[in-house]
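In our numbering, the protein residues as written are 6 to 363.
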Ligand SMILES: CCCCn1c(-c2ccccc2C)cn2c3c(=O)[nH]c(=O)n(C)c3nc12
């Protein structure tokens, strides 16, 4: 037995018959009067997400509330998220402050992340983050996922929308539901298969998890590859407007997302490793943390981008031109040229270049 590796294993809250016992086992009950709700910052399916502060020090907090009229199952899922979060203690996993269960509405209270969810942050900061900063953000996500894997927790919904960003651009894994909050996955993304009554967001989920419902830390690694693509694509939607059906067929036939505009070759290679159809051949989060750490410390991370930056005068702010041979080739192979409009929004190719593709 390896005594050096003392990882506490995560306890599935559904092993407790009473959800209240589970949540108070892992979460601190907070006095409702100490919670100051300041403003609504998001809307979950179960209720609102608010920014607030916690007396007596008025530390900034985020609060998830469970709306009145919730079902028994919704209460179970709501409390189980707190029971799960309360077991974790890592700088790259959102920290639980406590819960309000002795008054209504039920609340889950966490540390406050000033820069919100990663997908929204990327869309709001297009072109402002360099490859090294993006790789550092991914290093944080991978570190959080390594910790969760060591704790024996499989996330099943790792996506940029479920990662939060603090004031120092530190990224923290969030969203520990047992079933998935619908509003995060549109109806169109709901797969036919579900595991425990939850919904599966197809374009982030490993093939074997979609077809055989085998979720594992290796299927979380596949999702991490998709998050890497999102991070280097300014929060672009994976597979653009393609239908779920197309995504599954495309991936089953071995196709993979192309390198994002201005993405270092090493990062796209890492994505492809995460998307190996044989899950035993994918890297572990341990290896991903080490690889990203190495790339960040290597000074020339920027050097090996996939796209050749044309020599332009300084004030020219036109983004990198895509290496169209790869993009055009990829689109052609998949007869996806009808996705031209979305490629234009993609921000790296011009209309005239797309026309040249046809
Ligand atoms: C993807 C997470 C959505 C809900 N949520 C949470 C959160 C997440 C899980 C349990 C409880 C809470 C309050 C913190 N924060 C935050 C935050 O700290 N800062 C933010 O700006 N936003 C939008 C947040 N949204 C949340």
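Here a beta-carbon is modelled for each residue, glycine too, at the ideal position from N, C-alpha and C.
Predicted model, so just to flag it, every value in this text is computed and none were measured.
Checklist line | Helix, strand or coil at residue 219 [DSSP, three-state] | finding: coil
Notebook entry, point to check: Could you give the distance in angstroms between the alpha-carbon of residue 295 and the alpha-carbon of residue 102?
Noted result: 30 Å
Note to self: Does residue 241 pass the burial test, meaning 16 or more other C-beta atoms within 10 Å, or should it be called exposed?
What the structure shows: Under this definition residue 241 is a buried residue.
Item checked: Boundaries (first-last residue) of the alpha helix (DSSP H) holding residue 140 -> 136–155
Notebook entry, point to check: Going by Cα to Cα distance, which pick from 61, 91, 58, 146 is closest to residue 225?
Noted result: Here the closest residue by C-alpha is 146.
Note to self: Taking the alpha carbon of residue 105 as the reference point, which residue from 292, 40, 19 has its own alpha carbon closest?
What the structure shows: 40
Checklist line | Residue interval of the alpha helix (DSSP H) (run including residue 73) | finding: Unbroken run through residue 73: none, as it is neither H nor E.
Check: What's the gap between the Cα of residue 31 and the Cα of residue 251?
Finding: 42 Å
Notebook entry, point to check: Taking buried to mean at least 16 other C-beta atoms within 10 Å of its own C-beta, is residue 38 buried or exposed?
Noted result: exposed
Next item on the list: May I have the straight-line CA-CA distance separating residue 189 from residue 75, to the nearest angstrom?
Entry: Caution is warranted here: a pLDDT of 35 is assigned to residue 189, below 50, making its placement in the model unreliable, and the coordinate value is therefore given only provisionally. Approximately 18 Å between the Cα atoms of the pair.
Next item on the list: Determine contact between the stretch 202–218 and the stretch 109–116, defined as no fewer than three beta-carbon pairs at a distance below 8 Å.
Entry: no
Checklist line | Spatial distance of residue 51 from residue 82 (CA atoms) | finding: Note on geometry: alpha-carbon atoms of residue 51 and residue 82 lie some 10 Å from one another.
Check: Does ligand 1 have a heavy atom nearer than 7 Å to the CB of residue 86?
Finding: yes
Margin query: Give me the DSSP bridge partner(s) of residue 66.
Written below: 57, 116
Check: Hey, how far is the Cα of residue 45 from the Cα of residue 286?
Finding: 43 Å
Note to self: For residue 19 and residue 87, what's the separation of their Cα atoms in angstroms?
What the structure shows: 12 Å
Notebook entry, point to check: Whose C-alpha, out of 222, 246, 271, 255, is nearest the C-alpha of residue 233?
Noted result: 271
Notebook entry, point to check: Residues in its own chain within less than 6 Å of residue 281 by CB, not counting five upstream and five downstream?
Noted result: 287
Notebook entry, point to check: What residue does the beta strand (DSSP E) around residue 296 start on, and which one ends it?
Noted result: Segment 290–302 is the alpha helix (DSSP H) holding residue 296; no beta strand (DSSP E) there.
Margin query: Which residues does DSSP list as the beta-bridge partners of residue 47?
Written below: Within the DSSP bridge table, the entry for residue 47 names 54 as partners.
Margin query: Can you tell me whether residue 79 is helix, strand or coil according to DSSP?
Written below: helix
Note to self: Using a Cβ-based criterion (distance less than 7 Å to any ligand heavy atom), does residue 106 qualify as near ligand 1?
What the structure shows: Within 7 Å of the C-beta of residue 106 there is not a single heavy atom belonging to ligand 1.
Next item on the list: Taking the CB atoms as reference points, tell me whether residue 169 and residue 122 lie closer together than 8 Å.
Entry: yes
Check: With respect to the beta strand (DSSP E) encompassing residue 163, which residues constitute its N-terminal and C-terminal limits?
Finding: Run containing residue 163: none; DSSP gives neither H nor E here.
Checklist line | Which listed residue (112, 299, 303, 15) has its alpha carbon closest to that of residue 54 | finding: 112
Item checked: Cut-off 7 Å between Cβ atoms - residues of its own chain near residue 212, not counting five sequence neighbours on either side -> Closer than 7 Å at Cβ, skipping near neighbours: 256, 257, 282.
Item checked: C-alpha distance - residue 27 paired with residue 218, whole-angstrom precision -> 27 Å
Next item on the list: Report yes if the C-beta distance between residue 209 and residue 279 is below 8 Å; otherwise report no.
Entry: no
Notebook entry, point to check: Cβ of residue 150 within 8 Å of Cβ of residue 15?
Noted result: no
Next item on the list: Can you tell me which of 141, 17, 120, 239 puts its alpha carbon nearest to the alpha carbon of residue 89?
Entry: 17
Note to self: By alpha-carbon positions, which one of 56, 29, 231 ends up nearest to residue 207?
What the structure shows: 231
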